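In what follows, a single structure is set out as structure tokens and then discussed.
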Amino acid sequence: MAQTETKVLTAHIPLPLAEKVDQMAARLERSRGWIIKQALSAWIDQEEERDRLTREALADVDAGLVIDHQAVQVWADSLSTDDPLPAPR
């Protein structure tokens, strides 16, 4: 099995969060390091996806693929009625 290079990162963690990490590590029978790697990987994936979606949305705006604010407002106002309108497109 090939070994991946690693780098030690240090962070000050609030005690309540550190205690939760310890509890999770004990419950899952994993190390603190494993828990932190999993959490950091999930957060980075989430931020990369958020960045991708933001860039995609900005490209839509640049291309003029937007919905008029007034149309969205009329639709939103209709949601609290007995006959809501379909979402604007």
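The working numbering numbers the first residue of the sequence shown as 6 and each following residue consecutively.
Positions of the beta carbon are idealized from the N, C-alpha and C atoms, including for glycine.
Quick caveat, the model's predicted, so the values are computed rather than measured.
Inter-segment contact for the segment 53 to 60 and the segment 34 to 45 is absent: fewer than three beta-carbon pairs are separated by less than 8 angstroms.
Bounds of the alpha helix (DSSP H) holding Asp-56 are 37 to 67.
The alpha-carbon of Ala-64 is positioned some 9 angstroms away from that of Leu-70. In this structure, Asp-27 keeps its C-beta atom at 8 angstroms or more from the C-beta atom of Arg-35.
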